[in-house]
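Presented below is the structure to which this report refers.
Protein chains: 2
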Amino acid sequence: MSAPKQIYIAIVGLGGVGKAFLYQLAFLRQRLSKQSPSIDLRLILARRSTKQLFSSNWEHLDTTTVASQLDKNGSPPPPFNETFGQLARAPGKVVLVDNTSDQGLASLYPMVLQRGISIVTPNKKAFSDKIDLWQAIFSSAANGTGSASNGYVFHESTVGAGLPVISSLKELVETGDEVTKIEGVFSGTMSFLFNSFQPLGGGGGKFAAEVKKAKELGYTEPDPRDDLNGLDVARKLTILARIAGLNVESPTSFPVQSLIPKELESCSSGDEFLEKLPQFDDQMDKIKEEASKEGKVVRFVGSIDVPSKQVKVGLEKFDASHPIAALKGSDNIINFYTKRYGSNPLIIQGAGAGGDVTAMGVTGDLIKVVRQLQ
Amino acid sequence: MSAPKQIYIAIVGLGGVGKAFLYQLAFLRQRLSKQSPSIDLRLILARRSTKQLFSSNWEHLDTTTVASQLDKNGSPPPPFNETFGQLARAPGKVVLVDNTSDQGLASLYPMVLQRGISIVTPNKKAFSDKIDLWQAIFSSAANGTGSASNGYVFHESTVGAGLPVISSLKELVETGDEVTKIEGVFSGTMSFLFNSFQPLGGGGGKFAAEVKKAKELGYTEPDPRDDLNGLDVARKLTILARIAGLNVESPTSFPVQSLIPKELESCSSGDEFLEKLPQFDDQMDKIKEEASKEGKVVRFVGSIDVPSKQVKVGLEKFDASHPIAALKGSDNIINFYTKRYGSNPLIIQGAGAGGDVTAMGVTGDLIKVVRQLQ
Numbered sequence: 001m002s003a004p005k006q007i008y009i010a011i012v013g014l015g016g017v018g019k020a021f022l023y024q025l026a027f028l029r030q031r032l033s034k035q036s037p038s039i040d041l042r043l044i045l046a047r048r049s050t051k052q053l054f055s056s057n058w059e060h061l062d063t064t065t066v067a068s069q070l071d072k073n074g075s076p077p078p079p080f081n082e083t084f085g086q087l088a089r090a091p092g093k094v095v096l097v098d099n100t101s102d103q104g105l106a107s108l109y110p111m112v113l114q115r116g117i118s119i120v121t122p123n124k125k126a127f128s129d130k131i132d133l134w135q136a137i138f139s140s141a142a143n144g145t146g147s148a149s150n151g152y153v154f155h156e157s158t159v160g161a162g163l164p165v166i167s168s169l170k171e172l173v174e175t176g177d178e179v180t181k182i183e184g185v186f187s188g189t190m191s192f193l194f195n196s197f198q199p200l201g202g203g204g205g206k207f208a209a210e211v212k213k214a215k216e217l218g219y220t221e222p223d224p225r226d227d228l229n230g231l232d233v234a235r236k237l238t239i240l241a242r243i244a245g246l247n248v249e250s251p252t253s254f255p256v257q258s259l260i261p262k263e264l265e266s267c268s269s270g271d272e273f274l275e276k277l278p279q280f281d282d283q284m285d286k287i288k289e290e291a292s293k294e295g296k297v298v299r300f301v302g303s304i305d306v307p308s309k310q311v312k313v314g315l316e317k318f319d320a321s322h323p324i325a326a327l328k329g330s331d332n333i334i335n336f337y338t339k340r341y342g343s344n345p346l347i348i349q350g351a352g353a354g355g356d357v358t359a360m361g362v363t364g365d366l367i368k369v370v371r372q373l374q
Numbered sequence: 001m002s003a004p005k006q007i008y009i010a011i012v013g014l015g016g017v018g019k020a021f022l023y024q025l026a027f028l029r030q031r032l033s034k035q036s037p038s039i040d041l042r043l044i045l046a047r048r049s050t051k052q053l054f055s056s057n058w059e060h061l062d063t064t065t066v067a068s069q070l071d072k073n074g075s076p077p078p079p080f081n082e083t084f085g086q087l088a089r090a091p092g093k094v095v096l097v098d099n100t101s102d103q104g105l106a107s108l109y110p111m112v113l114q115r116g117i118s119i120v121t122p123n124k125k126a127f128s129d130k131i132d133l134w135q136a137i138f139s140s141a142a143n144g145t146g147s148a149s150n151g152y153v154f155h156e157s158t159v160g161a162g163l164p165v166i167s168s169l170k171e172l173v174e175t176g177d178e179v180t181k182i183e184g185v186f187s188g189t190m191s192f193l194f195n196s197f198q199p200l201g202g203g204g205g206k207f208a209a210e211v212k213k214a215k216e217l218g219y220t221e222p223d224p225r226d227d228l229n230g231l232d233v234a235r236k237l238t239i240l241a242r243i244a245g246l247n248v249e250s251p252t253s254f255p256v257q258s259l260i261p262k263e264l265e266s267c268s269s270g271d272e273f274l275e276k277l278p279q280f281d282d283q284m285d286k287i288k289e290e291a292s293k294e295g296k297v298v299r300f301v302g303s304i305d306v307p308s309k310q311v312k313v314g315l316e317k318f319d320a321s322h323p324i325a326a327l328k329g330s331d332n333i334i335n336f337y338t339k340r341y342g343s344n345p346l347i348i349q350g351a352g353a354g355g356d357v358t359a360m361g362v363t364g365d366l367i368k369v370v371r372q373l374q
């Protein structure tokens, strides 16, 4: 048997997703050592905003201790360009695992790919920013139209975390199906909020109180306005629409309904916002009652109508029998309407947020890259 | 740019799935010619039970005319071994597309893979027969524990047609999630039958009449007993259980409820069976009423309890609010309960039968193989 082939892993970002990824990487290394001993995955770099740890002798950094090692022995991180220069000197292929939501790092992806470094990431910024960046990334990637010696890029966890949303849409497109419409609940926060505000059987609390509860349970961003403005959903829609073939210019180039009342846009803090939000409960109750009268419930959804090129994000009403109405907890649901699937869509449903499931999408992408590099 | 790399495609079986696959292959070739001109897919063999057409000069056979060419100019097919000998002499990598449900061909997979030929197929027989064959296949496959110079094998369409069932389960397993339970409706026929026999809102016809209707609409096998005996579902469960890590010996090694009444097992024809089935409508009505009294509906499901290693197929009752109860038409639904996904499962739902969606899974697998061979 030939000597094992090293593939070098560099991880940036060690928050909830990063730590869950390290755990899964350890599992993957163990599995490969039994089933595919010809592959040797080596973690050679860990970096967070204030520190960097680099294995200059290309030996594997222990996944279980790397986070504390980074804290103890890490150096101040050099500019990203310098880090990528270090990585490009590795004696084998390198995969960058970007577990941040850093726009600056995202803008460097084309250069990273051109240096032959592959990327797996849940970082939405890279794929939902201006279309120029999207085009630069995929014209650089080996699995786009870039040179075969460039890096590969995969980003399953940018939509629906570990749910097989992007891979399924790509397969529909690549095998020649006609996607007519994509519709779903793309935010765990919005899912939880509306499943509580207007549960299927009736009842539910005041909107402002439900927002407060969601924040207390950790379902929202530290500042809930970052969920309520709809931009997170708009970013996900931008990504899916582009894969479906629409040249969406940016996540602000189509109608996005913000649930932040106009009058509260000038609040100086999330706390001030939460304090004043109950003043607008009547407006939300009216929306709820209107839906209720029609036997429907209101949900915060995103939709893409492919033939008419219409993308939109906001509140919609759904019959109680619709799968979107029956969603539970903070689950996401994505409905793909296509020519092949006919009147009943292909549906994918489940947790669309959380460290473990997000990391799963990243690790799954890493497995795909490893297969390509093998 | 270097000369294009040829990958040679051999198709066996030209029924509904085979014809839909040819259409998708034409689409894929066109897309690759634009986006990845370095890959040249060439159809070099078409074979059905009575005829074979082989391109002895390794030139591409036209996908749009190959079926009629086969009828007109095909020769009597030699034994499979001889055909594989022809294929093994191709001046490049070969992918066998087995669109049959031929047990004999399935038993040759290990040898095919060892000859360096990859396989993509919706043929359940190969993966749901005795565990020995499963082990022989994956110990021969390059994406199993076989030599890297052997062929790859993918079989997404053996469960849920083009729905991403097998790839999703594999990703859960490969990234270290613990799958605790898999439960779902795995047969389009059974789905249609029970959605009609006991629809969610109440009503529905007599069981025998619904079977007859399903047959007339083309939802059953020519002999509906081939659906009602539960073996098709048992085969699918066998495949999923094995991927989840259970050494299921065969599709008859666990409890499978047949909906063919004992008294009708000796019927000499499907027609005789259909004629006598109404005598047993009372039994089915009783089951329906019992479920109804509990506010439930009855569905024909398969389930795998991984920790206790229990696999079973048969009738179960579900609350109206359960996603399995709310299924429509002839859709399949598969629920993956895992440690990461917690109380709400990962759900995949949609058409699980039909030429176009089955072929989609096969074409998607072909794309995976092409990426590996690239």
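Sequence order for the protein chains is Z and E.
FYI, full-length UniProt numbering numbers position 124 of the first sequence as 124, with every residue one higher than the one before it.
FYI, full-length UniProt numbering numbers position 358 of the second sequence as 358, with every residue one higher than the one before it.
The beta-carbon is built from N, C-alpha and C at its ideal position, and this holds for glycine as well.
In this text, all values refer to a predicted model and were calculated from it rather than measured experimentally.
Looking at residue j and residue i, is the spacing between their C-beta atoms short of 9 angstroms?
i                      : j                      : result
residue 321 of chain Z : residue 327 of chain E : no
residue 214 of chain E : residue 192 of chain E : yes
residue 332 of chain E : residue 187 of chain E : yes
residue 116 of chain Z : residue 151 of chain Z : yes
residue 40 of chain E  : residue 6 of chain E   : yes
residue 373 of chain Z : residue 95 of chain Z  : yes
residue 304 of chain E : residue 347 of chain Z : no
residue 28 of chain Z  : residue 144 of chain E : no
Suppose you measure from the CA of residue i to the CA of residue j; what does that come to, to the nearest Å?
i                      : j                      : result
residue 74 of chain E  : residue 275 of chain E : 41 angstroms
residue 80 of chain E  : residue 105 of chain E : 7 angstroms
residue 235 of chain E : residue 270 of chain E : 22 angstroms
residue 365 of chain Z : residue 358 of chain Z : 11 angstroms
residue 66 of chain Z  : residue 60 of chain Z  : 10 angstroms
residue 57 of chain E  : residue 368 of chain E : 26 angstroms
residue 371 of chain Z : residue 371 of chain E : 9 angstroms
residue 112 of chain E : residue 97 of chain E  : 12 angstroms
residue 148 of chain Z : residue 197 of chain E : 55 angstroms
residue 155 of chain Z : residue 165 of chain Z : 10 angstroms
residue 212 of chain Z : residue 308 of chain E : 41 angstroms
residue 25 of chain Z  : residue 122 of chain E : 32 angstroms
residue 1 of chain Z   : residue 38 of chain E  : In this prediction, residue 1 of chain Z has a pLDDT of 48, which is less than 50 and means its spatial position is unreliable; what the coordinates show is noted afterwards. Each residue's Cα considered, the two are about 30 angstroms apart.
residue 12 of chain E  : residue 219 of chain E : 24 angstroms
residue 350 of chain Z : residue 356 of chain Z : 13 angstroms
Among the options, whose alpha-carbon lies nearest the alpha-carbon of residue i?
i                      : options                    : result
residue 245 of chain Z : Z:296, Z:192, Z:262, Z:170 : Z:170
residue 263 of chain Z : Z:107, Z:135, Z:279, Z:331 : Z:279
residue 89 of chain E  : E:138, E:265, E:54, E:291  : E:54
residue 341 of chain Z : E:335, E:336, E:352        : E:352
residue 265 of chain E : E:256, E:254, E:255, E:277 : E:277
residue 361 of chain E : E:17, E:135, E:9           : E:17
residue 72 of chain E  : E:142, E:202, E:21, E:47   : E:47
residue 159 of chain Z : Z:70, Z:298, Z:302, Z:315  : Z:302
residue 119 of chain E : E:141, E:131, E:134, E:101 : E:141
residue 8 of chain Z   : Z:83, Z:91, Z:33           : Z:91
Contact criterion: CB-CB distance below 9 angstroms. Does residue i meet it with respect to chain E?
i                      : result
residue 349 of chain Z : yes
residue 367 of chain Z : yes
residue 377 of chain Z : Since the first and last residues shown for chain Z are 1 and 374, residue 377 of chain Z lies out of range.
residue 86 of chain Z  : no
residue 11 of chain Z  : no
residue 200 of chain Z : yes
residue 341 of chain Z : yes
Can you find a C-beta in chain Z that's less than 9 angstroms from the C-beta of residue i?
i                      : result
residue 110 of chain E : no
residue 331 of chain E : yes
residue 123 of chain E : no
residue 328 of chain E : yes
residue 171 of chain E : yes
residue 242 of chain E : no
With a cut-off of 8 angstroms on the beta carbons, I'd call residue i and residue j a contact; round off their distance for me.
i                      : j                      : result
residue 312 of chain Z : residue 180 of chain Z : No, residue 312 of chain Z and residue 180 of chain Z are not in contact; Cβ-Cβ is about 15 angstroms, not under 8 angstroms.
residue 258 of chain Z : residue 230 of chain Z : 5 angstroms
residue 354 of chain Z : residue 161 of chain Z : 7 angstroms
residue 334 of chain E : residue 184 of chain E : 4 angstroms
residue 299 of chain Z : residue 194 of chain Z : 5 angstroms
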